[in-house]
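*Asks:* My numbering puts the first residue of the sequence shown at 738, with every later residue one more than the last.
Okay, handing you the structure first.
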Amino acid sequence: MQLRAVPDLPEIRPGDDLAALLAERVDLDPGSVLCLASTVVSKAEGRFAALSEYPAGPRAREIATRLEEHTGEEKDPRFAQAVLEESTEIITEAPFLLTETHFGHTCVNAGIDRSNTGGEDLLLLPKRPSESAARLSEALSVPVIVTDTCGRPFRHGQRGVAIGWAGMAASRDWRGERDRDGRELGVTVENVIDELAAAANLVAGEGAGGVPAVVVEGFEFGKMDGSDEHFRDVEDDYVRQALRGWSHE
Ligand code: GDP
Ligand code: MN
Ligand code: MN
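See below:
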């Protein structure tokens, strides 16, 4: 398997035809997978915002004050307001704002970026990343994964995750296959889109590198018994259930 950065992509602006910009720069073999940083999908979709568009309501002001107490840093209540508007559920308010976005992804600050925003205050995540991925996948005839860089519990540091995908299953289901000792695997459903997103993120980097698109070549999904489950439902998400109880104390 090889990962290749798509070279020379310009600064992406609202209305840009990402599929065309990509097709001009890279030949996509039918077997490859395209990983695309959500940043550029958002830019093409015009998901820029100014803080002035989010006059803070009482809840946002309360959250900002609480965050200030926890972190000792000044927090703009308008940013908290933007996060609230991009979210369906607030899971924790402090020491950081962990929410579920409208499309089911759980992350800090609803994934709203304040870096690589093309000079605007804020860049929101794509509204429906899997739908964005589907349009790009259709146009380019390869599977597409939309990625973002996220923190994770239990470990320091951030890594790439898949927030939208199309043209391939989310996971490879190993259940029913055998290990080296002949034992049948009972639980392993390998989330391939996150693994590819993490690999692509490694190539993309986080700064000024200008590499939002990475092509994965030669990846063998294997005997593809797939599953499209990705974001957990609340009922089987015990960590979230525990956090809900914790944050409301
Ligand atoms: P995120 O992980 O989706 O939030 O995106 P990042 O801000 O970490 O950027 C990922 C990669 O895309 C980095 O290499 C950035 O330099 C690059 N990048 C971000 N915006 C643009 C853009 O408009 N054009 C190009 N060519 N690269 C960009
Ligand atoms: Mn981001
Ligand atoms: Mn990133």
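Note that the Cβ used here is the ideal one computed from N, Cα and C, for glycine as well.
Cβ of ALA862 versus every heavy atom of ligand 2: is any distance shorter than 8 angstroms?
*Replies:* The sequence given here places Leu at residue 862; Ala does not occur at that position. Yes, ligand 2 has a heavy atom inside 8 angstroms of this Cβ.
*Asks:* For LEU873, collect the residues of the same chain with a Cβ closer than 6 angstroms to its Cβ; drop the 5 residues on either side in sequence, then sort them by chain order.
*Replies:* ALA756, VAL881
*Asks:* Could you give the first and the last residue of the continuous alpha helix (DSSP H) run that contains ILE800?
*Replies:* Its alpha helix (DSSP H) spans residues 795-808.
*Asks:* Can you give me the C-alpha to C-alpha distance between GLY901 and THR829, rounded to a whole angstrom?
*Replies:* 23 angstroms
*Asks:* Out of GLY963, MET905, CYS844, state which residue places its alpha-carbon closest to the alpha-carbon of VAL926.
*Replies:* Measuring from the Cα of VAL926, the nearest candidate turns out to be GLY963.
*Asks:* TRP911 by DSSP, collapsed to three states: which one?
*Replies:* coil
*Asks:* I want to check one thing, is the minimum distance from the CB of VAL948 to the heavy atoms of ligand 1 below 8 angstroms?
*Replies:* yes
*Asks:* With the cut-off set at 9 angstroms, would you say PRO744 and ALA781 are in Cβ contact?
*Replies:* no
*Asks:* Tell me which residue opens and which closes the alpha helix (DSSP H) that LEU861 is part of.
*Replies:* Counting along the chain, LEU861 falls outside any alpha helix (DSSP H), and DSSP gives it neither H nor E.
*Asks:* Cα separation between GLY897 and HIS839?
*Replies:* Spanning the two alpha carbons is a distance of roughly 20 angstroms.
*Asks:* Could you check whether PRO767 and SER878 sit closer than 9 angstroms to each other, using their CB atoms as the reference points?
*Replies:* yes
*Asks:* On the DSSP bridge assignment, give the partners of ILE882 in chain order.
*Replies:* CYS772, TRP902
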